[in-house]
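Residue numbers (my numbering), protein chains in the order written: chain A, 0 to 317; chain B, 67 to 383.
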C-alpha cells in the first residue's frame, strides 16, 4: 500500500466516522448496501478511466457511451426481445468496439486522446438521442427479467452484486496492472512513451489496449446503470459521469501526466465520492450544496495530505 | 454502382429536406420546446393534428440539442431569419431570456407555453398552471391520508419555475392539515441520483410515510426504490406527469394518483390560435393574456382511458 492510498483511506474513515456520529444510520446495513451498490456502479468505469489516465491519456466519452449503449440495451431487451445474455454480450462488445475505435484513432492517426474522446462524447449522445427520437427508453410497467435483475441489481446477504462485480474487476485489473508484464508496459508508456518504444515495447498496442479496456468496462457499467435507473432519457443519462471516473482515478493517485496510479487508489477514490454523496442526504444538507460539499471535502483532504507529506519530508531530511 | 446508388439516395434526401423546410407561399409556424423528452411527443402529436386542419401553413416542431437558453435562442433566431411567421416556445429560462424573447417577439408572433415569460413581448401564454397542478396533488394527498402524514418531495431542479409552483401549490393545499411536506430533495435531472435520494430517504427518515415525485421521472424512481426496500403499500406515493411506470402504479393501486398536463392541447390549440392571430383574429386572447389548459387528476378510476389516449397520441401502440 502506497502512502497516498493510506492518506485516502484515512480521509474515508474520518468522513465516515463524522457522519456516523451525526447520523448513526450511516452504518445501518441497508445504507451500507445502497452505498456499496453505487460504489460498484461508479467504480466499474472509474477503473477504466484510471487505466487510460495511467498511459497518459484521457477518456471523456464514457458518459455518452452509457446513454448510447443503455438505449441499445433496453431496445434489444424490450423492442427486439433478444435474450438478456445475448444483449449483454452485444453491449459489452459494443463498448469494446468503441474503445478500439478510440485506440485506433489515437495510435494510428496520432490524434490527441482529448479530441478523440471529446468527439466520442458528442457523437454517441447525438446518436443515442436520434436512436430513440429524443424519447425515453424504458421497461414497461411490471416487465421483469428475474435472472438479469438478480445478477445486476440483486443482493446476496445484503451485498449488492454490482459491488461484487466491481471487486472482481478491481482484483483482476489489480493483477493485470501491478503483477503482469502488460501492467509494467502501461506504466512505462505513461511515464515516457518514447523511451518505452526505444526499449522495445509496442507502445501503440499498449495504448490501444488501455482504451479497449476502458470501453469494455464502460459497456459493462452501461448495463448496471441501465438496470439501476431502468429508464434512460438519452439527453441526460450519464451526463458528466466521465468526470466521476476521472475524479476517482485522480483522487486515488493517478497522475494526469501518466505513469502513476494504483487500482487500490482508484477503488478508494470511488468509495470516497459515493460516501460524500450519501452524507449530503443522510445529514439533510440541502441538495443544492451536493457538489459544493463534495468539492470542499476533497479539497480539504488533498491539502491536508500535501501538508502532511511535506512535514514528513522535512522531518526525514533532518 | 453502389456508390452511385448511395449518392443518389443522399441527394434525394437532401432535396426532400430542403423542400420540406422551404415550401413557398405557405407561412411557417414553429413550436420550440425546452428539451428532449417523451413529454413533448404528445405536443408534437397535437401539432400534427393541427397541421391537418391548417393546410395553408407549414408547422414545424423543434427540439434543441440541449436544454440551454443559448441554444434555444439560437434556434429561434435561425427560425426568424428563415422567415417563419409565428413561434410558440417553452422557454428554457424565461427570466434570463427576456432580451431574446423580445427580439423574437418584435419580429414575429410569439406565444409562450409550458413556462411563461409575462414581461416579454409575447402575445399570449397557452399552457398549464403549475400552481393549480400542485393544488390538485395536494388534494390527492388530503384524500389519501385523512389522518395526516410526513411527506418527502423529490424533484429535478427545485429552482425552476414549474417545480417551485408545483411545490407552492402542494404546500398551500395541505396547510392547516396534519400533512407536512418535510423537505424536497433535488437531483439535477440525474436519474441515478434521483433513485439514490429516495433510497437515502428511506434509510435516514423512517418516519416518512408519503412521497411526492414532482418531475415525471421522480415518481417511477420512488416506486422502484420503495419496491426494492419492500415498502410498497406502506408509503403513500403521489406523482406528476405520465411516465408508464407511474400510470402502471396508479392502475394497480400502489400509487394514489398523478396530476397530468395536456401538452397535446397546447400543441393543437396553440398552433390553431397562432394561425388565427396571424389572420387578424385576436378575440380569443383574454385580458390577462393567459389561456390555462387545466391539468387533470389521474387516479384508478380514469387511468385506463387516459393511458389508451396517451399511447395513441405519443404514437406508441
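C-beta: ideal position from N, C-alpha, C; glycine also. Predicted model only: the values in this text are computed from it and were never measured.
Chain B within 9 Å of residue i, Cβ atoms only
i              : result
residue 236(A) : yes
residue 30(A)  : yes
residue 232(A) : yes
residue 315(A) : no
residue 144(A) : no
residue 246(A) : no
residue 276(A) : yes
residue 54(A)  : no
residue 228(A) : yes
residue 165(A) : no
residue 155(A) : no
CB contact check: residue i to chain A, cutoff 9 Å
i              : result
residue 109(B) : no
residue 265(B) : yes
residue 225(B) : yes
residue 313(B) : yes
residue 88(B)  : Because the pLDDT at residue 88(B) is just 48, under 50, the model does not fix this residue reliably, and the point stays unresolved.
residue 102(B) : yes
residue 257(B) : yes
residue 308(B) : no
residue 156(B) : no
residue 131(B) : yes
residue 290(B) : yes
residue 283(B) : yes
residue 128(B) : no
residue 162(B) : no
residue 262(B) : yes
residue 270(B) : yes
residue 286(B) : yes
Contact with chain C by residue i, beta-carbon distance below 9 Å
i              : result
residue 252(B) : The structure shown contains no chain C; the protein chains it does contain are A and B.
Contacts around residue i, its chain only, beta-carbon distance under 7 Å, and the 5 residues preceding and following it disregarded
i              : result
residue 386(B) : The first residue shown for chain B is 67 and the last is 383, placing residue 386(B) beyond what the model contains.
residue 269(A) : 38, 41, 42, 45, 247
residue 159(A) : 32, 35, 36, 39
residue 8(A)   : 267
residue 232(A) : 135
residue 175(A) : 181, 182
residue 340(B) : 95, 152, 154, 175, 177
residue 211(A) : 95, 98, 99, 102
Run of the beta strand (DSSP E) containing residue i, from where it starts to where it stops
i              : result
residue 97(B)  : 93-98
residue 9(A)   : Where residue 9(A) is concerned, there is no enclosing beta strand (DSSP E), although the alpha helix (DSSP H) it sits in stretches over 2-21.
residue 362(B) : 362-364
residue 356(B) : 356-358
Residues of its chain near residue i, where Cβ-Cβ distance is below 8 Å and the 5 sequence neighbours each way are ignored
i              : result
residue 358(B) : 193, 194, 195, 198
residue 96(A)  : 214
residue 248(B) : 216, 217, 218, 271, 274
residue 89(B)  : Reliability of the predicted coordinates at residue 89(B) is poor, the pLDDT of 48 falling under 50, and the value obtained from them is presented with this limitation in mind. Within the same chain, residue 89(B) has close Cβ partners 124.
residue 4(A)   : 251, 252, 261, 263, 264, 267
residue 30(A)  : 24, 277, 281
residue 172(B) : 187
residue 366(B) : 316, 317, 319, 323
Opposing strand residues paired with residue i [DSSP bridges]
i              : result
residue 220(B) : 251(B), 279(B)
residue 246(B) : 216(B)
residue 86(A)  : Per DSSP, none; premise fails for residue 86(A).
residue 190(B) : 177(B)
residue 306(B) : 325(B)
residue 298(B) : 301(B)
Limits of the alpha helix (DSSP H) - the one that residue i falls within
i              : result
residue 260(B) : 257-270
residue 295(A) : 289-316
residue 30(A)  : 28-53
residue 198(B) : 196-210
residue 63(A)  : 61-73
residue 266(A) : 262-281
residue 229(B) : 227-240
Same chain only: Cβ atoms within 6 Å of residue i, ignoring 5 sequence neighbours per side
i              : result
residue 109(B) : 329, 332, 333
residue 318(A) : The requested residue 318(A) does not occur in the structure, where chain A is confined to residues 0 to 317.
residue 204(B) : 236, 239, 240
residue 279(B) : 220, 285, 288, 305
Write down every uninterrupted run of the alpha helix (DSSP H) in the segment 191-233 of chain A whose length is 4 residues or greater and which is fully enclosed by it, in chain order. Assignment of alpha helix (DSSP H) within the segment 191-233 of chain A, counting only whole runs of 4 or more residues, yields 192-197, 202-228 in chain order.
My parser needs the beta strand (DSSP E) runs of 3 or more residues fully inside the segment 112-165 of chain B; what are they? 123-128, 152-155
If you scan the segment 118-176 of chain A from start to end, which runs of the alpha helix (DSSP H) of 4 or more residues do you find wholly inside it? 145-152
Give, in chain order, every unbroken run of the beta strand (DSSP E) that is at least 3 residues long and sits entirely within the segment 318-352 of chain B. 323-326
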